[in-house]
Each structure stands twice: as structure tokens, then as C-alpha cells.
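**Student:**
2 protein chains.
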Amino acid sequence: MVGEKWSLLVLREAFLGVRRFADLQRALGAPKAVLTDRLNSLVAQDLLARVPYRDEGARQRHEYRLTERGRDLYPAVVALMQWGDRWLAGDGVPPLTLEHRGCGEPVSLGLRCAAGHDVGGPREVVATPSGRERAGETADTPAG
Amino acid sequence: MVGEKWSLLVLREAFLGVRRFADLQRALGAPKAVLTDRLNSLVAQDLLARVPYRDEGARQRHEYRLTERGRDLYPAVVALMQWGDRWLAGDGVPPLTLEHRGCGEPVSLGLRCAAGHDVGGPREVVATPSGRERAGETADTPAG
DNA sequence: ACGCTGGGTTCGCTTGACGAACCGTGCACA
DNA sequence: TGTGCACGGTTCGTCAAGCGAACCCAGCGT
Numbered sequence: 001m002v003g004e005k006w007s008l009l010v011l012r013e014a015f016l017g018v019r020r021f022a023d024l025q026r027a028l029g030a031p032k033a034v035l036t037d038r039l040n041s042l043v044a045q046d047l048l049a050r051v052p053y054r055d056e057g058a059r060q061r062h063e064y065r066l067t068e069r070g071r072d073l074y075p076a077v078v079a080l081m082q083w084g085d086r087w088l089a090g091d092g093v094p095p096l097t098l099e100h101r102g103c104g105e106p107v108s109l110g111l112r113c114a115a116g117h118d119v120g121g122p123r124e125v126v127a128t129p130s131g132r133e134r135a136g137e138t139a140d141t142p143a144g
Numbered sequence: 001m002v003g004e005k006w007s008l009l010v011l012r013e014a015f016l017g018v019r020r021f022a023d024l025q026r027a028l029g030a031p032k033a034v035l036t037d038r039l040n041s042l043v044a045q046d047l048l049a050r051v052p053y054r055d056e057g058a059r060q061r062h063e064y065r066l067t068e069r070g071r072d073l074y075p076a077v078v079a080l081m082q083w084g085d086r087w088l089a090g091d092g093v094p095p096l097t098l099e100h101r102g103c104g105e106p107v108s109l110g111l112r113c114a115a116g117h118d119v120g121g122p123r124e125v126v127a128t129p130s131g132r133e134r135a136g137e138t139a140d141t142p143a144g
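As you go down the protein sequences, you meet chains Z and E in turn. Residue numbers for the first sequence follow UniProt numbering, beginning at 1 and rising by one. Residue numbers for the second sequence follow UniProt numbering, beginning at 1 and rising by one.
1) Does DSSP put E/Ser130 in a helix, in a strand, or in coil?
2) What residues from chain E crowd round Z/Gly57, counting only those whose CB sits closer than 7 Å?
3) Classify E/Gly70: buried if its beta carbon has 16 or more other beta carbons within 10 angstroms, exposed otherwise.
4) Compute the distance between the beta-carbons of residue 206 of chain Z and Z/Glu4, then report whether it is under 8 Å.
5) Would you mind sorting Z/Arg19 into buried or exposed? The rule is 16 or more other CB atoms within 10 Å of its CB.
6) Whole angstroms is fine: what's the gap from Z/Pro95's alpha carbon to Z/Leu66's?
7) Are the beta-carbon atoms belonging to E/Ala89 and E/Leu109 less than 8 Å from one another?
8) Since E/Ser41 meets chain Z, which of its residues come closer than 8 Å, beta carbon to beta carbon?
9) First and last residue of the alpha helix (DSSP H) that includes Z/Gly110?
10) What are the complete alpha helix (DSSP H) segments, minimum 4 residues, inside the UniProt domain "HTH hxlR-type" (1-92) of chain Z?
11) How far does the beta strand (DSSP E) with Z/His100 in it reach, from first residue to last?
12) Quick one: list the residues of chain E neighbouring Z/Leu111, beta-carbon separation under 7 Å, in chain order.
13) Run down chain E in chain order and give the residues with a C-beta less than 9 Å from the C-beta of Z/Lys32.
14) Can you find a C-beta in chain E that's less than 8 Å from the C-beta of Z/Gly90?
15) Below 8 Å between beta carbons: does that hold for Z/Leu24 and Z/Leu35?
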């Protein structure tokens, strides 16, 4: 659903507060036609909403704002950003630090279980489809 | 980098312990040619490694295992899975619950700041490129 | 010698991404 | 009253990527 080339990038910009077509285009460098298409499908999927706005002394236009469904993708986007900051540092794009509004401390994303333990990675996790056993794949020792 | 259509799907299966070409192809339904291509580029990007194995009474073959770089994408994949379980439930694919190995409690992904506060969403976060101010976009009230 | 299996490659077609050019509405200014 | 401009698109032709079906090859068991 977010597998098309620009979808996640558009959402990332949306999370950073970019809402206008031209700003998105500038920020991403995507061709207009593709951006139009991607925005339309994000709207169709109810990840973005097209809302009218008007600047002082300008005609009415539309901007694209996150819906609840779209906002809920925030962790996924942050996870990818953190990965990029960790592994792709120095590729031209400076890392982006996220700070908790008010408290000012850096924000990070972590996996933890209901008992409060931090989870380090896929090895510490067992996946079961809705409680039942997963059929006999090679799944007993994941992710090595 | 993970924007090609199947990359994240391949990684998801990898996190679930699927390592073999044929199993990946069965699980994903991707055409062989595309899967080959995707696996090669994931290997080239050092997200997967191609390691030899041999089953009893079979010839030596290769399987694809996550590298550290690849394993580090786990939070991103989990985030997308949780999003899917929340918003796409009932679309045929049953949700997958992740349990902490040993403790048995369900695992979930959360955003929190260094002071220990849970962060609810993009509104509670201020993004700054490596500490400096972001240029005058429309970024003062993000993600509405 | 033969066939089976896993892991591919090749082929022809369709779909998507791309940049450049064009369009149309409505404001500002002359 | 007309001209220019900016935003937000659409259209067009080209080129890359995704697709299913068919084919291929190494090596094992029989």
C-alpha cells in the first residue's frame, strides 16, 4: 500500500509539516505527474485529506493533510528515518533529530513487551498468526 | 533504498525466518525474475547476505540471511505490520502477534523521549536538522 | 540414463516513472 | 482592459521496471 516509490517520502514530508504541492515537489524532486498521482492515491487510501486553504491575497487552493490513518504511520516513518540516520549518515542528507515538544529531549523508537522489557531484535521475538502456530516453514530460529 | 515494490516484503519474510528463494516466492507471490533482482540488490546493499547451506541428501545451495544492517530495519517492518494489523484487519491476511521470547508478553513499538515520556504522535515532536533550524517552510505546526 | 527439484534466466507485454511542455484559474499591477 | 505571474495540475513521448510463462542447468537419488 505504501510500496510505490514516492508514497513514504510524501508521508515523511507531511510529518515534517509540508502540505503544499509545490513544497512537496521542491522537497522531493519528484516529477509533477508522479506527485499528482501519488497524492491522489494517498487521498484515495485515506492517508491524506485534500483540504482547501487560502493565503492572503491569493486564490483558494488545496493542501494535503494527514488523516488519523495516515498519522498512525508515524512510527514506521520515524523508524526508517532513524535507520537512515544510522546507516546512511554522510550521504549528503544531514540527520534529523526529533525532540519532544516541551521537554526538549530527543525522541527514539523502541520495541518493548507488555511486561516492560526492551526487545533488542527479531531473535527475541516469536511471531504467531493470531495465536495459532505458523505452518512448518523454517521459522523456528528467525532472522539469523 | 527500500522503495522498490518488494524490498520491504522480502525483509518482512526474512524477519519471520524465511530464507530460501522458493519459500520467499511462495510467501510473496512475486515473479521469479523480480525476486531474483530484488534479492541481488538487497545483497548489494548489504541488507541480506547470501550464504551457502546444504540439506541432507541435496546439493549445496544458497539462502539469504539478514545482516546487522538489515536486522536494524526490524522496527520499521514491525511498525508497518502493526499499522496493517490495525487498519487493514479483515482484508484476508490474519494479524500477526509478536511475543517476547521467554516472557511471552506481546511486543509493541513505541516512541519515547530520553526523559522517559511516551510520545503520542508527530504533533508532540519538533524536527531539527542536526540541531540547526529548518528553513522557513510551513513547518511550525506539523502534521495537522 | 533418467527424471526431479531448487534456483535461476530469457522473452514479450503491460504498467509506471521520468522530464519537458502546455493549460487554466484568479490575483496584482499597469 | 489587458498583461504577467504563480500555483497546481495535465499531456506527451520515452525509457525503466514489473509481470507470467517458458526455458535452463547442476546435481542428487534410483
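The C-beta atom is built at its ideal place from N, Cα and C for all residues, glycine as well.
**Tutor:** Taking the geometry as given:
1) Of the three classes helix, strand and coil, the one that applies to E/Ser130 here is coil, per DSSP.
2) Under the 7 Å cutoff, chain E gives no residues; its nearest Cβ is about 17 Å from Z/Gly57.
3) Flag for E/Gly70 reads buried.
4) Outside the displayed span of chain Z (1 to 144) sits residue 206 of chain Z, for which this structure offers no information.
5) A buried status is given to Z/Arg19, since no fewer than 16 other beta-carbon atoms sit within 10 Å of its beta-carbon.
6) Approximately 23 Å, taken between the alpha carbons.
7) Taking 8 Å as the Cβ cut-off, E/Ala89 and E/Leu109 do not qualify as a contacting pair.
8) For E/Ser41, no chain Z residue has a C-beta closer than 8 Å to its own C-beta; the minimum C-beta separation is roughly 14 Å.
9) Segment Val107 to Cys113 is the beta strand (DSSP E) holding Z/Gly110; no alpha helix (DSSP H) there.
10) As summarised for the UniProt domain "HTH hxlR-type" (1-92) of chain Z, the continuous alpha helix (DSSP H) elements at least 4 residues long and confined to that stretch are 7-15, 21-28, 32-44, 68-71 and 74-87, given in chain order.
11) It spans Leu96 to His100 - the beta strand (DSSP E) in which Z/His100 sits, taken as one unbroken run.
12) Those within 7 Å of Z/Leu111 in chain E are Pro75, Val78, Val107 and Leu109.
13) Correct list: empty, because the minimum Cβ distance to chain E is about 19 Å.
14) Not one chain E Cβ lies under 8 Å of Z/Gly90.
15) Yes. Within cutoff.
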